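Data block below; observations after.
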Amino acid sequence: MFLHDALTRGLVRYLTAELPSYQRRVPNDVDRLRAGLRPGDVVLVEGKSRISRMIMTLSQSSWSHAGMYIGDALLRWGGPHAEEALEAFGIEAAHLVLESDMAEGVRVKPVAWYADHNLRVCRPQGLSTGDLEEVVAEMLRHLGLRYDRRNIFDLGRYLTPVQLLPARWRRRPLYLGSSSSREVICSALIAKAFYRVGFPVQPLVNDAADPGPHAVIARHPSYIMPRDFDLSANFEVLKVNLAPPKKAGAWGRPLPEG
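As structure tokens, this is what we get:
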């Protein structure tokens with residue numbers, strides 16, 4: 356058991372180490388991000404670590420990670436986690452994103468922490484205030500739980516072309532996620548919270564069904580990845596993180612000051 360734990364910790368450190376080649380393509384305006392976000396918004400992140408690169412390669416997407424903006428909901432929720440957030444982040448604790456981290460589990464980070472990352476904001480469409488509050492509350496109930504590390508292996512097996520897999524793996528049923536509800540991955544955690552209020556992230560057309568209420572089915576939350584929020588018709592892509600453009604002169608060059 357000790358050897359297994361030591362190997363797991365070593366693997367997690369290796370996978371979560373940041374790579375020096377990361378390039379931020381668009382500057383973020385943190386003040387606009389704070390002002391523009393509202394609870395329930397999904398923040399997609401292009402991560403800097405090895406595991407982020409793996410997820411982006413396997414999923415063929417620019418996004419390796421997803422978190423949910425909860426604003427000051429944790430402070431209103433109260434309890435030890437709220438006290439820890441206030442001690443760690445001060446006034447920034449009123450602008451939090453809840454996420455699942457491979458090393459630390461389900462945690463909160465201030466919006467400003469993401470300023471040096473490439474970001475995309477996706478807002479759910481058509482949810483009532485009550486439903487949004489329930490979604491955020493469901494996310495808060497998972498604070499402190501641990502990341503489902505088994506999913507990385509299963510995700511790779513799921514996304515690998517079937518002809519590249521050993522025959523015995525093709526016959527085995529794929530199950531993304533442990534049977535324990537205490538193990539979560541970032542995108543699946545968010546998808547489960549939305550599904551609690553009947554809001555699917557990526558609805559699929561059921562070709563076998565007759566037209567009617569069952570013609571559209573919901574993909575299981577365990578199969579939801581960060582890119583699915585970006586592609587979903589149920590989410591609007593926002594630009595609230597972008598710095599306002601400067602006035603351009605000839606050939607698109609910024610006009611001189613004064």
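Residue numbering for the sequence shown follows the numbering used here, starting at 356 and increasing by one per position. Positions of the beta carbon are idealized from the N, C-alpha and C atoms, including for glycine. Being a predicted model, the structure only gives us computed values, none of them experimental.
Residue i in three-state terms, based on DSSP
i	result
His420	strand
Asp427	coil
Arg462	strand
Asp583	helix
Arg368	helix
Phe554	coil
Pro479	strand
Leu399	strand
Asp384	coil
Arg614	The requested residue 614 does not occur in the structure, where the chain is confined to residues 356 to 613.
Leu451	strand
Asp456	strand
Leu597	strand
Arg379	coil
Per-residue burial, residue i [other beta carbons within 10 Å of its own, 16 or more giving buried]
i	result
Pro446	Strictly speaking, residue 446 in this sequence is Ile, with Pro absent from that position. Exposed, since its Cβ has fewer than 16 Cβ neighbours within 10 Å.
Phe583	Going by the sequence as given, residue 583 is Asp instead of Phe. Burial call: buried.
Lys547	buried
Glu438	exposed
Tyr369	exposed
Ala543	buried
Ser407	buried
Val452	buried
Ala570	Legend: pLDDT at Ala570 = 47, less than 50; position of this residue unreliable, value from coordinates given subsequently. Ala570 is exposed by the Cβ-count criterion.
Gly434	exposed
Ser536	Note that Ser536 has pLDDT 40, beneath the 50 cutoff, so the model's placement of it is unreliable and no number is given.
Beta-carbon separation (whole angstroms), residue i vs residue j, contact threshold 8 Å
i	j	result
Val397	Cys477	4 Å
Ile410	Ser419	4 Å
Glu401	Cys541	That pair is no contact at about 13 Å.
Beta-carbon proximity list for residue i, same chain, < 7 Å, skipping 5 on both sides
i	result
Ala443	none
Leu388	Val466, Val595 and Asn596
Cβ of residue i within 8 Å of any chain C Cβ
i	result
Ala543	Structure shown: chain C not included; a single protein chain is present.
Sequence-distant residues of the same chain with beta carbon closer than 8 Å to residue i, five excluded per side
i	result
Lys403	Glu373, Leu374, Tyr377 and His472
Arg551	Glu489, Val490 and Glu493
Leu482	Gly395, Val490, Val552 and Phe554
Whole-angstrom distance between residue j and residue i, CA atom to CA atom
i	j	result
Leu500	Gly460	6 Å
Ala458	Gly553	31 Å
Leu474	Arg462	19 Å
Gly391	Val595	5 Å
Pro394	Gly365	35 Å
Gln557	Ser587	6 Å
Met494	Val385	23 Å
Leu593	Thr484	19 Å
Gly428	His436	The question names Gly, but residue 428 is Ala in the sequence shown. Cα-Cα distance, rounded: 11 Å.
Gln415	Arg405	15 Å
Phe590	Pro479	4 Å
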